[in-house]
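*Asks:* Take a look at this one; I'll ask things after.
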Amino acid sequence: MKNKTEPVTIILPCSDGISDSNFPYPKELIKINEEMSVIDFSFHHILASQIKPRVVVIVAPNKFETVRYLFERYNDKVDLVFVFQKSREQKVTNANAIAIRSAEHLFSDKNILLMPDTIIERKDNQTSLIDTMLAALNRQSFVFAHKKEVSVTRLKLFGALKIEDDVVVDYEDKPVDNSAGYNAFWASFGFKREVFEEVISVIEGSTLKKGNYKRDFQKSVMHKTSTVEVSEYIDIATWTHLNAYLMRQYLEQSGIDPGFFKVNK
């Protein structure tokens with residue numbers, strides 16, 4: 001039975017416009033198979049948790065399809081709340097930061113961000129992703145979930161991390177230089193309510209390359225925190241990423257190891 005008393009909020013920012021990737025409808029609603037859209041993978045993690053969290057979905061006026069889909073599918077399973085994203089500020093270019101700020105009044109003691117247009121997989125199925133991150137928040141005020149990465153090209157696309165001895169020692173959003181110094185990127189993060197302003201300021205500063213953003217990270221609660229590893233992270237941001245994921249799924253279901261093509265290309 002789920003513990004409904006622990007105050008936890010899951011944040012799902014669904015406010016990005018659909019034109020960014022030229023999808024004909026909200027990309028979080030793209031069907032991956034007959035039963036699941038992309039956003040259902042986030043709810044898979046949510047429903048696997050031992051707690052029943054509040055789920056705050058940040059939307060824009062063009063996202064009523066998403067609202068209807070989630071209401072019909074999950075309203076009876078979780079405490080579902082919808083909130084409109086506040087207007088973008090020109091000085092802030094991190095859309096996720098803006099969306100998260102829009103839900104600040106709905107934060108709980110512990111909060112976890114999941115990206116609704118991504119698919120996160122874990123090899124360890126014994127403990128849910130949400131519960132593992134919440135356990136980390138019992139010991140520290142911030143936690144990253146990370147995916148190991150060696151490709152410099154991919155590291156430049158995400159929030160890059162340098163992890164040593166299972167703790168985060170460096171972070172930069174979409175690094176332009178010295179990308180080879182990083183060995184992972186974040187797939188999700190969690191934080192306690194009292195450190196939110198510090199965390200989001202570090203993220204915004206790194207996005208804008210504002211001031212001494214590297215020093216700001218090193219002085220923050222994010223520095224030298226233990227992290228949670230995930231085995232796979234798929235960002236359904238473009239048709240290329242989507243087609244690659246669907247092809248991998250098809251090969252695996254057909255009994256073909258997708259790694260075959262990497263070895264024999």
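Using the UniProt record's numbering, the letters of the sequence shown correspond one by one to residues 1 to 265. Note that the Cβ used here is the ideal one computed from N, Cα and C, for glycine as well.
So, with DSSP's three-state summary, where would you put A136?
*Replies:* As a first step, residue 136 must be located in the sequence shown, where it is residue number 136. In the structure shown, A136 sits in a helix (DSSP, three-state: H, G or I).
*Asks:* Among the residues of its own chain, which have a CB less than 8 Å from the CB of L106, if the five just before and after it don't count?
*Replies:* Taking the sequence shown and counting its residues from 1, the one referred to as residue 106 is at position 106. Cβ within range, chain order: T9, R54, V56, V81 and V83.
*Asks:* According to DSSP, is I32 helix, strand or coil?
*Replies:* Working through the sequence shown from its first residue, we reach residue 32 at position 32. I32 falls in the coil class under three-state DSSP.
*Asks:* Could you say if the stretch 180-190 and the stretch 141-148 meet the contact criterion of at least three C-beta pairs nearer than 8 Å?
*Replies:* yes
*Asks:* Ordered along the chain, which non-local residues of its own chain (more than five positions away) have a Cβ less than 6 Å from that of A60?
*Replies:* Position 60 of the sequence shown, counting from 1, holds the residue named residue 60. These residues qualify, in order along the chain: S15 and Q85.
*Asks:* Using the beta-carbon count (16 or more within 10 Å), is residue 290 buried or exposed?
*Replies:* Nothing in the structure corresponds to residue 290, since the chain is present only between 1 and 265.
*Asks:* Spell out a yes or no on whether the stretch 61-75 and the stretch 36-44 are touching, meaning 3 or more CB-CB pairs, one atom from each, closer than 8 Å.
*Replies:* yes
*Asks:* List the residues that DSSP assigns as beta-bridge partners of A184.
*Replies:* Sequence index remark: in the sequence shown, residue 184 carries index 184 (1-based). DSSP links A184 through a beta bridge to K148 and L161.
*Asks:* What's the C-alpha gap between V228 and L155?
*Replies:* For the purposes of this step, residue 228 is identified with residue 228 of the sequence shown, where counting begins at 1. For the purposes of this step, residue 155 is identified with residue 155 of the sequence shown, where counting begins at 1. Taking the straight line from one Cα to the other gives about 18 Å.
*Asks:* Return helix, strand or coil for I203, following the three-state DSSP convention.
*Replies:* Taking the first residue of the sequence shown as 1, we reach residue 203 at position 203. Three-state result, I203: helix.
*Asks:* Could you give the residue range of the alpha helix (DSSP H) that holds F64?
*Replies:* The residue given as residue 64 occupies position 64 in the sequence shown. F64 -> alpha helix (DSSP H) spans F64 to Y74.
*Asks:* Using the DSSP secondary-structure output, state which residues sit across from D131 in a beta bridge.
*Replies:* Here residue 131 is taken as the residue at index 131 of the sequence shown, counted from 1. None; D131 has no bridge partner.
*Asks:* Please state if the CB of N183 and the CB of E149 are separated by a distance shorter than 9 Å.
*Replies:* Here residue 149 refers to the residue found at position 149 when the sequence shown is read from its first residue. Here residue 183 refers to the residue found at position 183 when the sequence shown is read from its first residue. Closer than 9 Å, so yes.
*Asks:* Let me confirm a value: A99 is counted as buried when at least 16 other C-beta atoms fall within 10 Å, else exposed. Which label applies?
*Replies:* Stepping through the sequence shown from its first residue, residue 99 is reached at position 99. Buried is the call here.
*Asks:* Below 8 Å on the Cβ atoms is my contact criterion, and I expect D173 with T207 to pass it. Report the Cβ-Cβ distance as a whole number of Å.
*Replies:* Within the sequence shown, residue 173 is the residue found at index 173, counting from 1. Within the sequence shown, residue 207 is the residue found at index 207, counting from 1. Yes, they are in contact, since the Cβ atoms of D173 and T207 sit about 5 Å apart, within 8 Å.
*Asks:* Could you tell me if K110 is buried or exposed, where buried requires 16 or more neighbouring beta carbons within 10 angstroms of its beta carbon?
*Replies:* Position 110 of the sequence shown holds residue 110. Around the C-beta of K110, 16 or more other C-beta atoms lie within 10 Å, and the residue is accordingly described as buried.
*Asks:* In terms of residues, what are the limits of the beta strand (DSSP E) holding F107?
*Replies:* Here the question's residue 107 lines up with position 107 in the sequence shown. Where F107 is concerned, there is no enclosing beta strand (DSSP E), given that its DSSP letter is neither H nor E.
*Asks:* Along the chain, where does the beta strand (DSSP E) that runs through Y233 open and close?
*Replies:* The residue given as residue 233 occupies position 233 in the sequence shown. Per DSSP, Y233 belongs to the beta strand (DSSP E) from E232 to D235.
*Asks:* Quick one: residues in its chain with C-beta nearer than 7 Å to the C-beta of G211, no 5 flanking neighbours on either side, listed in chain order?
*Replies:* Numbered from its first residue, the sequence shown carries residue 211 at position 211. Closer than 7 Å at the Cβ level, and outside the excluded window around G211, lie G205.
*Asks:* List the endpoints of the continuous alpha helix (DSSP H) containing V38.
*Replies:* Your numbering for residue 38 matches position 38 in the sequence shown. Segment V38 to A48, the alpha helix (DSSP H) holding V38.
*Asks:* What residue from P13, V169, E72 and M222 has the CA that sits closest to P26's CA?
*Replies:* The sequence position of residue 26 within the sequence shown is 26, counting from 1. Closest by alpha carbon: P13.
*Asks:* Below 6 Å CB to CB, which residues in the same chain sit around P7 once its five sequence neighbours on both sides are set aside?
*Replies:* In the sequence shown, residue 7 corresponds to position 7, counting from 1. Apart from sequence neighbours up to five positions away, the residues of its chain that approach P7 with a beta-carbon distance below 6 Å are S108 and D109, ordered along the chain.
*Asks:* To the nearest angstrom, report how far apart R73 and H44 are at their CA atoms.
*Replies:* Position 73 of the sequence shown, counted from the start, is the residue given in the question as residue 73. Position 44 of the sequence shown, counted from the start, is the residue given in the question as residue 44. Computed Cα separation, rounded: 12 Å.
*Asks:* Determine the DSSP secondary structure at K192, reduced to helix, strand or coil.
*Replies:* Taking the sequence shown and counting its residues from 1, one reaches residue 192 at position 192. K192 falls in the strand class under three-state DSSP.
*Asks:* Bridge partners of L113, per DSSP?
*Replies:* Your numbering for residue 113 matches position 113 in the sequence shown. Looking at the DSSP assignment, L113 forms a beta bridge with I11 and F189.
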